[in-house]
Amino acid sequence: MKFKALFLLLALTLTFSGSALADHWIHVEVKNPSADEHVTVNLPLSLMQAAAHLIPQEVDEDVHIAIDDLDMSWSELLAFWQEVKNAPEATFVTVQSKDETVNVRKEGDYVFVRTTESTAAGTKVDVKFPLAVIDALLSGPEGTLNFQGALQALADFGPGNLVTVQDGDETVRVWIDDQNEVE
Amino acid sequence: MKPQNTHRRPYLRWTAIALICLMSPFFALAAAVAVTGTVTVEVDEKSADGTHLYIPVPALVFDLALLAAPLIIPDEALAEVRREIAPYRQGLRQMADSLESMPSGVLVEVLSDGEQVRISKQGRTFHIRVQSEDTDVSIAVPARLLGSSLDVI
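Residue numbers (the numbering used here), protein chains in the order written: chain A, 2 to 184; chain B, 832 to 984.
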């Protein structure tokens, strides 16, 4: 009986973890009413995970170069991320210049990045990223980003907005849900 | 009347059997085309003297071409393609499976200046449609063809 229950639990877990990717879709919508443009992209996360296998080796090299540019080793980057993750809710960075304001804060299970240009029609960018996704992204071998793990974490996290950009009339929105089309 | 009918029956029976034998390759072909799908290309130029083209090709033809490919392509060239594709094979296979099993829906749609580009899946077929003021182009490809190509390569 115990064995059966354990088997059932294992089967349910595997089914759920497999279907999370299969059931979730990533959507990109670009609207520009003044230019009469409308672009929508709807892709299943399972397809994105498969595509992650096709990311060329050069991307890993680019990650190394980017980390070198930060004057930070991989272990220092991981340590920095652990500190951010374990820190209480707070605003980590606020940069206010004549042209724009950049704000990075941690709230709940998310990291929020907001940039706002000072001009009236200036670009506003809002990024909302689950901490678990960044955690998974940095879980690969040294100097490599684990895109597949990040996508799995994204699927496990469920529906929600990821990126919103407002630039004058033009809006860009990236989000995840369980619908295969934009309504 | 009855004795006449019993005389005709053997002829009818043999005629029916002969017809079935003659038609069976066509039935088998029709069934294979229905199961494997059709690749269609449609071009419609909207001007009065424009081209109007509709080319349906049974996907079975592509399957046969893929089967014949290893016999036609030189071994070295095929080995080279296989070597280059090897690191991406798992990803391509997963992508092919994912594309084949995903539900119907619109994958990409671009509307701009009266032009529309739309890539969608309807049932087991992918549709690519480009509509502009002067021309409409529509291509339909069975979703399983990518997987079939990988199987051969």
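For every residue, glycine included, the Cβ atom is placed at its ideal position computed from N, Cα and C.
So, is the C-beta of residue i closer than 8 Å to a C-beta in chain A?
{"i": "D875 (chain B)", "result": "no"}
{"i": "Q962 (chain B)", "result": "no"}
{"i": "G922 (chain B)", "result": "yes"}
{"i": "Y919 (chain B)", "result": "yes"}
{"i": "P973 (chain B)", "result": "no"}
Check for me: the beta strand (DSSP E) holding residue i runs from which residue to which?
{"i": "S951 (chain B)", "result": "946-953"}
{"i": "A971 (chain B)", "result": "966-973"}
{"i": "G868 (chain B)", "result": "Where G868 (chain B) is concerned, there is no enclosing beta strand (DSSP E), given that its DSSP letter is neither H nor E."}
{"i": "I984 (chain B)", "result": "It is not in any beta strand (DSSP E) - I984 (chain B) carries neither H nor E in the DSSP assignment."}
{"i": "K877 (chain B)", "result": "It is not in any beta strand (DSSP E) - K877 (chain B) carries neither H nor E in the DSSP assignment."}
Rounded to whole angstroms, how far is the Cβ of residue i from the Cβ of residue j, which I believe are closer than 8 Å?
{"i": "L79 (chain A)", "j": "M926 (chain B)", "result": "Not really, about 31 Å apart at Cβ, beyond 8 Å."}
{"i": "T871 (chain B)", "j": "D894 (chain B)", "result": "In fact, because the Cβ distance is near 16 Å, the residues do not count as touching under 8 Å."}
{"i": "E38 (chain A)", "j": "L942 (chain B)", "result": "7 Å"}
{"i": "P841 (chain B)", "j": "T869 (chain B)", "result": "Between T869 (chain B) and P841 (chain B) the Cβ distance is about 41 Å, and since that is not below 8 Å, they are no contact."}
{"i": "E143 (chain A)", "j": "T117 (chain A)", "result": "Wrong, their Cβ atoms sit about 36 Å apart, outside the cutoff."}
Give every residue of the same chain whose Cβ lies closer than 7 Å to the Cβ of residue i, excluding the five residues on either side of it in the sequence, and list them in chain order.
{"i": "L976 (chain B)", "result": "A890, F893"}
{"i": "L897 (chain B)", "result": "S979, S980, V983"}
{"i": "L843 (chain B)", "result": "none"}
Is the shortest distance between the beta-carbon of residue i and the beta-carbons of chain B less than 8 Å?
{"i": "N181 (chain A)", "result": "yes"}
{"i": "K3 (chain A)", "result": "With a pLDDT of 48 at K3 (chain A), under the threshold of 50, the modelled position of that residue is not reliable, and no figure is offered here."}
{"i": "T14 (chain A)", "result": "Only weak support is given to the placement of T14 (chain A): the predicted model assigns it a pLDDT of 43, under 50, and the question is left unresolved by the model."}
{"i": "S20 (chain A)", "result": "Below a pLDDT of 50, predicted positions are generally treated as unreliable, and S20 (chain A), at 49, falls in that range; the measurement from the model is reported next regardless. Chain B contact via Cβ: absent."}
{"i": "D170 (chain A)", "result": "no"}
Using C-beta distances below 8 Å, list every residue in its chain close to residue i, excluding the 5 sequence neighbours before and after it, in chain order.
{"i": "L71 (chain A)", "result": "L78"}
{"i": "A12 (chain A)", "result": "In this prediction, A12 (chain A) has a pLDDT of 44, which is less than 50 and means its spatial position is unreliable; nothing more can be read from the coordinates."}
In the DSSP assignment, the alpha helix (DSSP H) including residue i goes from what residue to what residue?
{"i": "A91 (chain A)", "result": "Element bounds for A91 (chain A): not the alpha helix (DSSP H) but the beta strand (DSSP E), 91-97."}
{"i": "D37 (chain A)", "result": "Neither: D37 (chain A) is in no alpha helix (DSSP H) and is coded neither H nor E."}
{"i": "P887 (chain B)", "result": "Segment 883-889 is the beta strand (DSSP E) holding P887 (chain B); no alpha helix (DSSP H) there."}
{"i": "S47 (chain A)", "result": "46-53"}
{"i": "E62 (chain A)", "result": "58-70"}
Give every residue of the same chain whose Cβ lies closer than 6 Å to the Cβ of residue i, excluding the five residues on either side of it in the sequence, and list them in chain order.
{"i": "V128 (chain A)", "result": "V114, V164"}
{"i": "E940 (chain B)", "result": "R949"}
{"i": "P856 (chain B)", "result": "none"}
{"i": "D875 (chain B)", "result": "H883, D967"}
Exercise for the section: Mind checking the region 30-55 of chain A against chain B and listing, in chain order, the residues whose C-beta falls within less than 8 Å of any C-beta there? Expected result: The region 30-55 of chain A vs chain B, Cβ under 8 Å: A36, D37, E38, H39, V40, T41, V42, N43, L44, P45, S47, L48, Q50, A51, A52, A53, H54, L55.
Practice task
Would you list, in chain order, the members of the region 926-960 of chain B that have their beta-carbon closer than 7 Å to a beta-carbon of chain A?
Solution key: M926, S929, L930, M933, P934, G936, V937, L938, V939, E940, V941, L942, S943, D944
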